[in-house]
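Okay, so the sequence shown: first residue is 1 according to the UniProt record's numbering, each after it adds one. Just so it is clear, CB atoms sit at the ideal spot from N, CA and C, and this is done for glycine as well.
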Amino acid sequence: MPLSPRVPELSALDLLLSVARTGSLGAAAREHHISQQAASERIRRLEGTLGVQVLRRSRQGSTLTTAGALVADWAGQLTELAAGLEASVAALRAERHARLRVAASLTVAEYLMPRWLVTLKRQAEARGEEVSVQLTATNSDEVAERVRDGRAGLGFVEGPTAPEELAYREIGTDALVLVVPAGHPWSRRRRPVDAAELARTPLVSREAGSGTRRALEVALEAAGQTGIEPLLELSGTAAVRGAVLAGAGPAVLSTLAVADDVASGRLRPVNVTGLTLDRRLLAVWPLGSSPRGPASDLLTIAVRGRAQR
């Protein structure tokens with residue numbers, strides 16, 4: 001049923017409340033950034049709509065009539081409801097124009113995240129929504145730290161264990177592979193490299209804190225070895241891959257990072273025995289919360305994307 005023409009405008013009711021609070025039509029006009037003449041005209045229209053006088057005007061100021069006091073009381077309740085509606089609609093607009101801060105390990109950021117973000121954008125557009133993503137690519141330790149201190153709402157890490165003080169969900173696994181350039185002696189090797197030989201071989205390695213390096217160190221420790229002595233320690237997967245291609249030495253890298261090089265023959269995989277080189281890929285977020293909005297959408301996309309590999 002449509003509203004009666006006797007229902008006044010909210011702006012007029014809000015002005016009446018200001019007059020009641022300040023005791024002056026001029027002061028109320030200044031609060032609403034209109035002239036006193038405009039305020040007086042708005043009150044007259046309000047009285048015409050209601051059919052009752054709400055203000056008593058005098059040289060000493062403006063006071064509410066008995067009817068005006070009742071209208072002001074009812075108007076206060078109505079304007080509170082209107083403010084709640086405005087806040088709710090503002091929240092709805094914010095959901096339609098969401099901003100998501102994500103941190104991801106370098107392997108995830110370089111080889112998986114681009115496809116996930118394209119899917120996220122398409123899904124948002126299909127719902128008539130907009131989402132902007134700020135992505136930080138760094139090592140797994142820094143990803144966890146960014147999620148803990150609130151610089152990222154969702155993170156993706158690699159490694160054998162979940163970071164402390166974070167909620168997490170496993171989204172898949174990633175295999176590591178020992179690779180050498182085509183001219184390396186191991187490229188023609190038929191006998192697998194065992195854990196002891198790998199542990200004493202200088203490797204081109206990621207920096208401490210990277211999920212790739214931690215996964216290798218944990219696998220070697222599980223096989224009774226003390227860890228690795230890096231030949232080179234580099235801060236990115238691409239840098240490690242480039243050093244191996246240049247002949248610096250062997251490296252253990254994600255199969256995602258070297259798939260094209262192995263397919264083309266530029267890098268050769270070397271069999272390793274006695275080690276489990278799979279690692280977990282985890283989505284992480286602050287304890288005591290659950291991913292919502294675009295963060296939840298991205299998590300779902302990541303889980304489905306890994307399941308389809």
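> Rounded to the nearest angstrom, how far is the Cβ of L15 from that of H32, given a contact under 8 Å?
Replying inline: 6 Å
> Are the beta-carbon atoms belonging to R213 and E221 less than 9 Å from one another?
Replying inline: no
> How big is the Cα-Cα spacing for T300 and P294?
Replying inline: 10 Å
>> Runs of 3 residues minimum, wholly inside the stretch 70–149: which ones carry the beta strand (DSSP E) assignment?
In response: 97–105 and 130–138
>> Once the 5 residues before and after V157 are set aside, which same chain residues still bring their CB inside 7 Å of it?
In response: If we look at V157 and ignore the five residues flanking it on each side, its Cβ neighbours are S105, S140, V143, A144, P163, G211, L282 and V284.
>> Mapping the DSSP letters down to three states, classify R309 as helix, strand or coil.
In response: Summary for R309: the model assigns pLDDT 47, below 50, so the residue's position carries little reliability, and this model does not support an answer.
>> Spatial neighbours of R101 within its chain, please: C-beta separation below 6 Å, excluding the five flanking residues on both sides.
In response: Q134, A152 and G153
> Which residues share a DSSP beta bridge with P286?
Replying inline: L166
>> Taking the alpha carbon of E129 as the reference point, which residue from A109, M113 and A98 has its own alpha carbon closest?
In response: When only C-alpha atoms are compared, the closest one is A98.
> DSSP state of L13, grouped into three classes?
Replying inline: helix
>> If you follow the beta strand (DSSP E) that E158 is in, where does it begin and where does it stop?
In response: L154 to G159
> Is it true that the CB of V244 sits closer than 9 Å to the CB of V180?
Replying inline: yes
>> Using the Cβ count rule (16 or more neighbours within 10 Å means buried), how would you classify Q77?
In response: exposed
> From V262 to L216, what distance separates their C-alpha atoms?
Replying inline: 20 Å
>> I'd like to confirm the pairing. Which residues does DSSP put opposite D194 in its beta bridges?
In response: D194 has T273 as its beta-bridge partners, per DSSP.
> Do you know how far the Cα of R146 is from the Cα of E47?
Replying inline: Straight-line Cα distance between these residues: approximately 58 Å.
> Grouping DSSP H, G and I as helix and E and B as strand, with all else coil, what is L251?
Replying inline: Here residue 251 is Ala; the residue named in the question, Leu, does not match the sequence. It is a strand residue.
> Taking DSSP as the reference, what is the three-state secondary structure of V7?
Replying inline: coil
> Run through DSSP, which three-state label would R205 get?
Replying inline: Rather than Arg, the amino acid found at residue 205 in this sequence is Ser. Residue state, collapsed to three classes: strand.
> Considering R44, what are the terminal residues of the alpha helix (DSSP H) in which it resides?
Replying inline: It spans Q36 to L50 - the alpha helix (DSSP H) in which R44 sits, taken as one unbroken run.
> beta strand (DSSP E) containing T63: first to last residue?
Replying inline: G61 to L64
> Using the C-alpha atoms, what's the distance from S132 back to G242?
Replying inline: 32 Å
> What are the complete alpha helix (DSSP H) segments, minimum 4 residues, inside the stretch 212–264?
Replying inline: 237–245 and 255–264
> So the beta strand (DSSP E) R56 belongs to, where does it begin and stop?
Replying inline: L55 to S58
> Helix or strand or just coil, what does DSSP make of A182?
Replying inline: coil
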